[in-house]
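Protein chains in written order, with full-length UniProt numbering: chain A, 1 to 126; chain B, 1 to 285.
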């Protein structure tokens, strides 16, 4: 699961109001190079919740934690190649293979196994 | 119908990962090569509780192949498969577009935990990537991903079954469609509408028994044009792959009530506009 996907996921349990962002508890992270595509980064930037993104990137286990992303980001930064590279790496090259996503409102845990978040709900949660 | 020209598949398809459909041979492919890779059957992972690639999977992949040049020109940024099963379709889509459109981001969902694991294995075996999420349709992704998906592909559980079989555990969920096979289809359509970008396309496998006319009429009310990309009769089923697109998206103007795609800059002439198809059955509508 990339941080892109983390950024798009919210708690889907019925009745939950503040189910975003899910707190990321990453146990195993893999790094895999991805094609750099500035156009996509500029396109998706407007839809990224930056606070959630930076929070997740910094929360990764020490050897993968991303510390060089700015606290706040604005569209003018997209002109910087250096910024785009860092954005690209954190968004698309880090894969959470094992861990959990935790709902900020209820504490409901969604397991991540083999890189796949499990958002399936129990009958009483639908 | 001439749309059935590829009927000598799918049995041969397991022998080769490269095929050229008649559609591709006859269509103008512009600068794109006429053949392309799709998933190799021997590399598709399998599991007792996961639906193996079958006629309906093959017809969807063949429809995507037939539309490949348009997909490349469409330049989607994000593609999603709902109900990815073995991973055969999403892997094939990624493979057939990877050379000319290498920067697409793929997502795939399935309600069956065995299926998502199988999909990941199939993707890896072919060296392509999709973000795989275990969920019901797009639950959990739907709100934040709304309006961002340029292409959705779905081979839904379309088989008419008793209601109690719908969304059962395991492999049953891959085919059990309840009354008229529409129970899950009717839940997917509004989600697709929410997820699709302004220029979004939806490809869906539908059975004649699912009442495609009514599905197209309903999507038409939401502003979608529709047409049959491919239809194929097997011994058991009459399958169609229907493509839906937001009418008037190219001009930025919502258009209601018209079908046939005349407002887009693309040529639909080589296809079978659903308009004529609808006219036949729309006596009471």
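Yeah, the Cβ is synthetic: ideal placement off N, Cα and C, and Gly gets one too.
Values in this document were obtained by computation on a predicted structure and should not be read as measured data.
CB-CB under 7 Å to residue i, same chain, minus the five flanking residues each way: which ones, in chain order?
i	result
residue 105(B)	77, 78
residue 91(B)	39, 122, 123, 126, 128
residue 147(B)	197
residue 92(A)	2, 4, 34
residue 53(B)	41, 44, 86, 88
residue 192(B)	152, 202
residue 121(A)	12, 13
residue 209(B)	160, 180, 181
residue 130(B)	90, 94, 106, 107, 108, 123
In this structure, how does DSSP classify residue i when only helix, strand and coil are distinguished?
i	result
residue 118(B)	helix
residue 50(A)	helix
residue 58(B)	helix
residue 210(B)	helix
residue 129(B)	coil
residue 219(B)	helix
residue 36(B)	strand
residue 76(A)	helix
Counting only the same chain and skipping the five closest in sequence on each side, list residues whose C-beta sits under 6 Å from that of residue i.
i	result
residue 287(B)	Residue numbering for chain B in the displayed model covers 1 to 285; residue 287(B) lies beyond these limits and cannot be assessed.
residue 1(A)	96, 112, 115, 117
residue 110(B)	83, 84, 116
Buried or exposed: where does residue i fall if 16 or more other Cβ atoms within 10 Å of its Cβ makes it buried?
i	result
residue 117(A)	buried
residue 75(B)	exposed
residue 15(A)	exposed
residue 241(B)	buried
residue 80(A)	exposed
residue 126(A)	exposed
residue 81(B)	buried
residue 48(B)	exposed
residue 154(B)	buried
residue 69(B)	buried
Measuring straight from C-alpha to C-alpha, what distance separates residue i and residue j?
i	j	result
residue 205(B)	residue 69(A)	43 Å
residue 115(B)	residue 58(B)	18 Å
residue 11(B)	residue 41(B)	For residue 11(B), the predicted model reports a pLDDT of 36, less than 50, meaning its position is unreliable and no value from the coordinates is stated.
residue 102(A)	residue 35(A)	30 Å
residue 212(B)	residue 220(B)	12 Å
residue 119(B)	residue 101(B)	21 Å
residue 234(B)	residue 119(A)	35 Å
residue 140(B)	residue 12(A)	5 Å
residue 90(A)	residue 200(B)	27 Å
residue 55(B)	residue 77(A)	49 Å
So, are the CB atoms of residue i and residue j less than 9 Å apart?
i	j	result
residue 112(A)	residue 52(A)	no
residue 238(B)	residue 207(B)	yes
residue 144(B)	residue 47(A)	yes
residue 187(B)	residue 152(B)	no
residue 49(A)	residue 75(A)	no
residue 157(B)	residue 176(B)	yes
residue 46(B)	residue 112(B)	no
residue 71(B)	residue 97(B)	yes
Near residue i, what residues of its chain come up, given a Cβ to Cβ distance below 8 Å and the 5 sequence neighbours on each side ignored?
i	result
residue 163(B)	178, 179, 183
residue 31(A)	64, 93, 94, 95
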